[in-house]
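Q: The structure is given below, and queries will be raised subsequently.
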Amino acid sequence: MEIKISVKNLEAFYGKNKVLHNISIDIPKNKVLAIIGPSGCGKSTFIRCLNRMHEVVGGSIKGEILLDGEDLTKTDPVLLRKRVGMVFQKPNPFPSMSIFDNVAAGLKLNGVRNKKLITPIVEKCLKQSALWDEVKDQLDKSGANISGGQQQRLCIARTLAVDPEVILMDEPASALDPISTTKIEDLIFQLKKDYTIVIVTHNMQQAARVSDYTAFFYMGEIIEFDETNKIFISPSNKQTEDYVRGRFG
Amino acid sequence: MSYSVSKKEKNNFLKRFFPSNNLGDFIFERLTWLFALSVFLLVILMGYEMYEGSKISMQKFGFDFLVNSEWDPVQEIYGALPIIYGTIVSSLLALIIALPFSIGVAVYLAEVAPPWLEKPLSFLVELLAGIPSVIYGLWGIFVLVPWIRTDVEPYLSDKLGFLPFFRGAPYGFGLLAAVLILTIMVLPIITSITRDVLKSVPRSQREAALALGATKWQSTIIVLKDAKSGILGATMLGFGRAIGETMAVTMVIGNRALISPSLFDPSYTMASVIANEFTEATSEMYLSALIQLALVLFVITIFVNALARLLVWSMDRKWKTT
Amino acid sequence: MENDMKKSNLFYYRKKITSFIMMSLTFIAALAAIIPLVLIFYYTISKGITYLNIDFFVAMPKPVGESGGGMANAIVGTLILIGIGGAIGIPVGIMTGTYLSEFGNNKFGYIVRFLTDVLSGIPSIVVGVVAYTMVVVPMKHFSALAGGIALGILMIPTITRTTEEMIKLVPHSLREAGLALGIPKWKTTLSIVLKTAWKGIATGVLLGLSRAAGETAPLLFTALGNRFWSTSIGQPIASLTVYIYDYAKSPFEDWNQQAWTAALVLILLISLLSLLFRIITRSKYKTN
């Protein structure tokens, strides 16, 4: 198992409030890692540490996070976020941009202006996110004028266009209907060939369906981290067992 | 005081006339409704009063009132063109200077400033909006105008005197002073509305940009684009304020109905003409012409404000639906 | 490929630098915006304080040439004017605001809401002209009443909008609690909703009053001004703002000085108003 991100003794704070305690975990490359746990357990905070979005909302961290062996807490967040993309809980396309420009946004923000370069990338990413067939005739429509499920796949395409190595997903399907959810899950399955994916979910079936590894968070700590099968069939920790069996949370 | 009666007939009778089951509720609703109606009637009454008051001037001058450039109370000729010119030019120039500053301050408050600094700064900006106009004027007469006379105008005519905008005697009182004081006065208005508009753009928009590797400025540009119509509305509200601003402008603009390209020359605005000449207006025609000016100002500001409000409101709705 | 790397590196540095410069500029703009505020306060205080003494509050203005004297009539006049204005603006504003929040979800409500917004943008001098044609012309002379009416009209939009917004902030559950007890809607609104929103509404009223206290333009040809002591609402009345205007324009240095003092007193008056309201509203809500 090749390691993509290695987290060592991570602590995260909001002001003086400690929300993550001593987190250490190795995130395997080109696999899907699911983070589960009851709400308020720090799972969103954790993945927001991985691309340093945690500090955007006024948080701070202690500890080491190694991305390919390089401590990302010491690199420039602007460069880091190109390598570690993120899909948010609520679809957030840019309403003032067209569908095409939404996908191209990341490229433009990083200095790619040549339309000949951009067009094929946009097409490729829309195909990758299984949205191409639905929107290919309305690429100049506003990114906000499509359904919620389409918007979320648009956001995934937008993330892919920057060509990241890691994709973080913060409950990407929680605001969507079951059909759109299935599409997103299929998509995640496709994407793990090329990307390392970390997905936060409160839906245990979803975790079981899409992930290779699962980490159970509780009260800001990792209770158990193992292969998904192991976690769901024979967890070694009592709390994990109670949670995946639906006894609390 | 809830409504209850013993007689059935009376109950039916009342119910037919009062849609509500409860007499107290009915009276309460109608009472507040009457006050709301009074606001509605007030605006209409204002327009009507000025229309009536300006009738004789309108009959005599007709459309000429707006395009004739002679304002001569002695000859009883009233053409408001130079006054309208002065109003629009002073307001537009003030807006052009104030806008980049306002957006800058608003961006600082909404996007950059740490919370402990944002609050006191916003308070100061609001304080600036709360200073009475006449105090701006007082400060204008005794501080700003002397400074313009001894430093700004000589400097400008020395360096840029080849342009027609910066020629003439450095008198101090004039268009330039009015523009500068209006700039200071509209800045807090545009700033505070723009800040609110920027804050109404959801945080997820900024996060989306940052997560793609945007810098703070790049994400700000995206937010500014989202807020475009709201900022336009804020600008128009500032424009509405500038064209109606009276005391400070009257005290520094020099008060002469004159169309001149030079910023050093005195000028006049609709509001300052009314402020200056209303009590001196001895003839009926003179008074009528001044009321007509007020009517023109009324119509322009209603139009500008209505448009501005619609723009700002559309911003509010935009994020509520998505 | 190497070329592309170089290009993207170059762009990275450029965008970092641009961001830094632009963010610094916004900070500079914020600083620049504060400069006029500081200057205006500095001059008003330093120039106004030289004439600030007890006489200014209790004595009458002296004729031209005699130094000293005060503006007792103008201070009282300003208070009377905002009193009349408040007597009109506060009930109309609060009732209209109540209508808009409680019953205003219809076409008429939208129109009134829109008109109050529009009214807040109408120049105060225009309101002065209307007060002139409506009050001064039929009465055939200038009066405190005409000036007060103009100020009252100017207060309406501020008070209406704050009342509406403050009532809307009252949680729906409170209202339902009242209704569930069998209290009729009007009583619930008065005794529960308005009582809860009272603090916020008072702030709006204060804002309206202090803005009115600083108005000059609508008084120029309604209340006019008066060099003598008058408290009659049927007669012309003095006000601080009109004094500031007249004295600032006058050629007498002594009067110019007094204009600064009047400006300082006006600012103090407005601050006092705000302090007073803060004390009233605080004592009522100590438990919070």
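Residue numbers (our numbering), protein chains in the order written: chain A, -2 to 246; chain B, 41 to 362; chain C, 429 to 716.
The beta carbon of each residue, even a glycine, is placed where N, CA and C say it ideally should be.
For a quick check, are the C-beta atoms of residue 642 of chain C and residue 607 of chain C less than 8 angstroms apart?
A: Not in contact: residue 642 of chain C and residue 607 of chain C (Cβ atoms no closer than 8 angstroms).
Q: With DSSP collapsed to three states, give me the class of residue 61 of chain A.
A: It is a strand residue.
Q: So with Cβ pairs under 8 angstroms, would you call residue 93 of chain A a contact of chain B?
A: yes
Q: Out of A:217, A:243, A:4 and A:106, which has the shortest C-alpha to C-alpha gap to residue 14 of chain A?
A: A:217
Q: Can you say whether residue 186 of chain B is buried or exposed, counting buried as having 16 or more other CB atoms within 10 angstroms of its CB?
A: exposed
Q: Touch check for the stretch 116 to 134 of chain A and the stretch 195 to 215 of chain A: three-plus C-beta pairs under 8 angstroms?
A: For the pair of segments examined, the stretch 116 to 134 of chain A was found not to touch the stretch 195 to 215 of chain A: the number of CB pairs separated by less than 8 angstroms stays below three.
Q: Going along the chain, which unbroken runs of the alpha helix (DSSP H) with 4 or more residues stay wholly within the stretch 242 to 280 of chain B?
A: If we require 4 residues or more, the alpha helix (DSSP H) runs fully inside the stretch 242 to 280 of chain B come out as 243 to 251 and 256 to 266.
Q: Over what stretch of residues does the alpha helix (DSSP H) that includes residue 113 of chain A continue unbroken?
A: Bounds of the alpha helix (DSSP H) holding residue 113 of chain A are 112 to 125.
Q: Answer with buried or exposed for residue 605 of chain C, where buried requires no fewer than 16 other C-beta atoms within 10 angstroms of its C-beta.
A: By the 10 Å Cβ count, residue 605 of chain C comes out exposed.
Q: Would you list, in sequence order, the uninterrupted beta strand (DSSP E) runs of no fewer than 3 residues that lie entirely inside the stretch 180 to 212 of chain A?
A: Within the stretch 180 to 212 of chain A, the complete beta strand (DSSP E) runs of at least 3 residues are 193 to 197.
Q: So with Cβ pairs under 8 angstroms, would you call residue 78 of chain A a contact of chain B?
A: yes
Q: Starting from the C-beta of residue 513 of chain C, find all residues in its chain whose C-beta is less than 7 angstroms away, skip the five residues before and the five after it, and write them out in chain order.
A: 576, 579, 580, 583 and 640
Q: Within the continuous beta strand (DSSP E) that includes residue 4 of chain A, where are the two ends?
A: 0 to 11
Q: Can you tell me the Cβ-Cβ gap for residue 274 of chain B and residue 230 of chain B, rounded? I've got them flagged as a contact below 8 angstroms.
A: Confirmed, about 5 angstroms.
Q: Can you list, in chain order, the residues of its chain with a C-beta nearer than 7 angstroms to that of residue 126 of chain A? Leave out the 5 residues immediately preceding and following it.
A: Apart from the 5 residues on each side of it in sequence, residue 126 of chain A sits with its Cβ closer than 7 angstroms to the Cβ of 150, 153, 154, 157 and 184 in its chain, given in chain order.
Q: When the Cα atoms are used, what is the spatial distance from residue 145 of chain A to residue 668 of chain C?
A: 60 angstroms
Q: Is there contact here, the stretch 176 to 193 of chain B with the stretch 211 to 229 of chain B, by at least three beta-carbon pairs under 8 angstroms?
A: yes
Q: May I have the straight-line CA-CA distance separating residue 138 of chain A from residue 260 of chain B, to the nearest angstrom?
A: 23 angstroms
Q: To be precise: take each residue of the stretch 442 to 458 of chain C, compare its Cβ to all Cβ atoms of chain A, and keep it if any distance is under 9 angstroms. Which residues remain?
A: 442, 443, 444 and 447
Q: Hey, how far is the Cα of residue 128 of chain B from the Cα of residue 283 of chain B?
A: 7 angstroms
Q: What residue does the alpha helix (DSSP H) around residue 122 of chain B start on, and which one ends it?
A: 121 to 147
Q: Would a check of beta-carbon distances place residue 436 of chain C closer than 8 angstroms to chain A?
A: yes
Q: With distances taken between CB atoms, is the gap from residue 691 of chain C to residue 178 of chain B smaller than 8 angstroms?
A: Yes, Cβ-Cβ distance for residue 691 of chain C and residue 178 of chain B is below 8 angstroms.
Q: Considering only the alpha carbon of each residue, which of B:327, B:86 and B:90 lies closest to residue 543 of chain C?
A: B:86
Q: In terms of residues, what are the limits of the beta strand (DSSP E) holding residue 219 of chain A?
A: 218 to 224
Q: Using beta-carbon positions only, say whether residue 145 of chain B and residue 451 of chain C come within less than 8 angstroms of one another.
A: no
Q: What would DSSP say about residue 23 of chain A, mapped onto helix, strand or coil?
A: strand
Q: Using only the alpha-carbon positions, how far apart do residue 440 of chain C and residue 76 of chain A sit?
A: 8 angstroms
Q: Work out the CA separation of residue 518 of chain C and residue 442 of chain C for me, nearest whole Å.
A: 56 angstroms
Q: Expressed to the nearest angstrom, what Euclidean distance is found between the alpha-carbon atoms of residue 92 of chain A and residue 600 of chain C?
A: Taking the straight line joining both Cα atoms gives about 32 angstroms.
Q: Counting Cβ pairs, one atom from each stretch, are 3 or more of them under 8 angstroms apart for the stretch 335 to 355 of chain B and the stretch 588 to 603 of chain C?
A: no
Q: Which chain C residues sit within Cβ distance under 8 angstroms of residue 241 of chain A?
A: Within chain C, no residue comes near residue 241 of chain A; the closest Cβ sits about 37 angstroms away, beyond 8 angstroms.
Q: What does residue 75 of chain B touch in chain C if you count any residue whose Cβ is under 7 angstroms from its own?
A: 520, 523, 524 and 527
Q: Below 8 angstroms on C-beta distance, what does residue 65 of chain B contact in chain C?
A: 612, 613 and 614
Q: So is residue 46 of chain B buried or exposed if we call it buried at 16+ other beta carbons inside 10 Å?
A: Any answer about residue 46 of chain B is weak, because its pLDDT of 46 lies below 50 and its placement is not dependable; what the coordinates show is given next. Exposed, by the Cβ-count rule.
Q: Can you tell me the Cα-Cα spacing of residue 147 of chain B and residue 238 of chain B, whole angstroms?
A: Straight-line spacing of the CA atoms in residue 147 of chain B and residue 238 of chain B works out to 8 angstroms.
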